[in-house]
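In the working numbering, the protein residues as written are 3 to 331.
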């Protein structure tokens with residue numbers, strides 16, 4: 003009997019020594035922080051996609067993960083404080099979306115892994131060394147607005163064949179906009195279009211910036227990806243309608259609010275793919291060793307009602323490519 007007990011104990015010890023990490027991982031409850039620039043309602047589809055992605059890898063709330071959400075409620079100035087609060091709660095991983103949110107998280111911690119579910123040029127923002135070998139504590143899915151600026155230009159030329167000038171609305175406080183503006187200008191000029199830009203550092207500057215673009219002869223306005231702009235969806239859409247200025251966005255919620263059209267990455271898909279990075283990190287991989295990937299799903303949405311309001315005719319072939327069309331009643 004004694005030999006049997008000793009043999010069992012020895013066998014258990016061998017198993018524990020052979021599979022210590024696996025045993026600890028199975029028993030642990032992980033804490034995953036989420037930092038977002040918008041409201042909980044605005045982030046719902048992305049949060050749902052992240053949770054589903056995590057479930058696909060075996061992580062579920064109430065069983066082996068705890069989710070901790072921080073929303074800036076459309077106030078980018080709150081991001082730094084929220085990031086500090088989130089870091090103080092010691093999550094195992096932080097998931098963020100957008101360059102400004104990623105910067106806030108990175109400024110708050112150099113040790114907790116940060117998974118980006120879409121952002122601008124993270125190299126230019128100083129968050130990673132390269133997309134192939136990011137180094138540090140940041141990795142994820144890169145959302146490069148400039149990468150598909152050319153596709154937006156093609157849309158404008160299809161809808162407005164006589165367009166001669168495009169203007170981009172940027173935020174000088176956004177660390178990724180400098181590079182994106184340069185790329186956008188090159189793309190516009192190669193398409194035979196004059197390129198200009200207007201800037202808004204705060205919501206109070208939006209009226210003047212959009213008015214200036216209209217007065218300066220813009221054929222179309224491109225709204226660059228930015229947390230502050232995302233917090234002013236209805237305001238920006240209404241201003242472009244007021245000035246009868248065809249505007250192109252990167253998010254469908256602008257189209258829902260009255261924006262003419264959006265062409266951009268599928269945001270829930272970015273969050274779902276971010277779950278794979280979370281899984282790899284929780285299994286022991288270092289974020290700095292995980293190569294960033296590019297988005298693969300892009301959606302076109304059109305507000306036909308707005309098109310009629312501002313006197314723009316959307317060709318049938320463009321409407322057919324849209325995943326969402328808001329029509330007049």
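Even glycine gets a Cβ: it sits at the ideal position worked out from N, Cα and C.
For this session: Please classify residue 123: is it buried, with 16 or more other beta-carbons within 10 angstroms of its beta-carbon, or exposed?
Result: Residue burial is scored here from C-beta neighbours: residue 123 has at least 16 other C-beta atoms within 10 angstroms and is therefore classed as buried.
For this session: Using three-state DSSP, classify residue 147 as helix, strand or coil.
Result: For residue 147, the pLDDT reaches just 48, beneath the cut-off of 50, and the residue's location in the model is therefore unreliable, although a value from the coordinates is still provided. Secondary structure at residue 147: helix, using DSSP grouped into helix, strand and coil.
Problem set entry | Opening and closing residue of the beta strand (DSSP E) in which residue 172 lies | Run containing residue 172: 167-172, per the beta strand (DSSP E) assignment.
Problem set entry | Residue from 95, 91, 236, 82 whose Cα sits closest to the Cα of residue 276 | Of the candidates 95, 91, 236, 82, 95 places its Cα closest to the Cα of residue 276.
Exercise. Can you list, in chain order, the residues of its chain whose CB lies under 7 Å from that of residue 67, leaving out five sequence neighbours each side?
Worked result: Taken in chain order, the residues that qualify are 31, 32, 34, 56, 61.
Problem set entry | CA-to-CA distance, residue 321 to residue 211, given in whole angstroms | Looking at the two C-alpha atoms, the distance is approximately 29 Å.
Exercise. Of the choices 115, 74, 100, whose alpha-carbon is the least far from that of residue 89?
Worked result: Residue 89 has its Cα closest to that of 115, out of 115, 74, 100.
For this session: Given a cut-off of 8 Å, decide if residue 154 and residue 173 are closer than it, judged by their beta-carbon atoms.
Result: Not closer than 8 Å, so no.
Problem set entry | 8 Å Cβ cutoff met for residue 298 and residue 178 | Judged by their CB atoms, residue 298 and residue 178 are not nearer to each other than the 8 Å cut-off.
Exercise. Under the three-state reduction of DSSP, which class applies to residue 132: helix, strand or coil?
Worked result: Here residue 132 sits in coil by DSSP.
Exercise. Taking only runs of the beta strand (DSSP E) that begin and end inside the region 283-317, which ones reach a length of at least 3 residues, in chain order?
Worked result: DSSP assignment within the region 283-317 yields the following whole beta strand (DSSP E) runs of 3 residues or more, N-terminal first: 300-305.
Problem set entry | Collapsed DSSP secondary structure at residue 94 in the structure displayed | Coil, per DSSP.
Problem set entry | Length at least 4, wholly inside the region 180-248: the alpha helix (DSSP H) runs in chain order | As far as the region 180-248 is concerned, its whole alpha helix (DSSP H) runs of at least 4 residues are 208-217, 229-232, 235-244.
Exercise. Residues bridged to residue 73 by DSSP?
Worked result: Looking at the DSSP assignment, residue 73 forms a beta bridge with 38.
Exercise. Thinking just about the alpha-carbon of each residue, which of 311, 223, 186, 279 is nearest to the one in residue 58?
Worked result: Comparing alpha-carbon positions, the option among 311, 223, 186, 279 lying closest to residue 58 turns out to be 279.
Problem set entry | Contact under 8 Å by Cβ, residue 118 with residue 98 | In this structure, residue 98 lies closer than 8 Å to residue 118 by Cβ.
Exercise. To which residues does DSSP link residue 119 through a beta bridge?
Worked result: Looking at the DSSP output, residue 119 bridges to 143.
Exercise. Under a Cβ-count criterion, where at least 16 other Cβ atoms within 10 Å of its own Cβ denotes burial, should residue 286 be classed as buried or exposed?
Worked result: Here residue 286 is exposed. Its C-beta has fewer than 16 other C-beta atoms within 10 Å.
Exercise. Would you say residue 333 and residue 109 are within 8 Å of each other, going by their C-beta atoms?
Worked result: The first residue shown for the chain is 3 and the last is 331, placing residue 333 beyond what the model contains.
Exercise. In this structure, does DSSP put residue 63 in helix, strand or coil?
Worked result: Three-state DSSP puts residue 63 in a strand.
Exercise. Where do the ends of the beta strand (DSSP E) carrying residue 408 lie?
Worked result: It is not possible to answer for residue 408, since the shown part of the chain is limited to 3 through 331.
Exercise. Which residue's Cα is closest to the Cα of residue 129: 268, 152, 103?
Worked result: Checked all of 268, 152, 103; the closest Cα to residue 129 is 103.
Problem set entry | Simplified DSSP state of residue 108, which is helix, strand or coil | Residue state, collapsed to three classes: helix.
Problem set entry | Three-pair Cβ contact test at 8 Å for the region 217-228 versus the region 164-172 | A contact exists between the region 217-228 and the region 164-172.
Problem set entry | Alpha carbon of residue 241 to alpha carbon of residue 175, nearest angstrom | Take the alpha-carbon of residue 241 and the one of residue 175: they are about 21 Å apart.
Exercise. Tell me, which residues are paired with residue 328 by DSSP?
Worked result: According to DSSP, which records beta bridges pairwise, residue 328 is partnered with 305.
Problem set entry | residue 137 - containing alpha helix (DSSP H), residue span | Per DSSP, residue 137 lies in no alpha helix (DSSP H) segment and is marked neither H nor E.
Problem set entry | DSSP-derived helix/strand/coil call for residue 164 | Residue 164 carries a coil assignment under DSSP once its states are collapsed to helix, strand and coil.
For this session: Give the single residue among 256, 295, 284 whose Cα lies nearest to the Cα of residue 302.
Result: Looking at the Cα atoms, 256 is the closest of the given residues.
Problem set entry | Neighbourhood of residue 25 by C-beta, 6 Å cutoff - its chain only, sequence neighbours within 5 removed | Only weak support is given to the placement of residue 25: the predicted model assigns it a pLDDT of 49, under 50, and the value that follows is read from those uncertain coordinates. Here the set comprises nothing.
For this session: Between the Cα of residue 245 and those of 308, 318, 51, spot the shortest distance and give me the residue it belongs to.
Result: Of 308, 318, 51, the residue nearest in Cα terms is 308.
Problem set entry | Range covered by the alpha helix (DSSP H) that runs through residue 46 | Where residue 46 is concerned, the enclosing alpha helix (DSSP H) stretches over 46-58.
Exercise. Sorted by chain position, which residues of the same chain lie with C-beta nearer than 6 Å to residue 51's C-beta, five sequence neighbours on each side aside?
Worked result: Shown here for residue 51: same chain residues with a beta carbon closer than 6 Å to its own, the five before and five after excluded, namely 270, 273, 274 in chain order.
Exercise. Under the DSSP definition of a beta bridge, which residues are partnered with residue 251?
Worked result: For residue 251, which the question treats as bridged, DSSP gives the partners 264.
For this session: Give the DSSP-derived three-state secondary structure of residue 125 in the structure shown.
Result: Coil.
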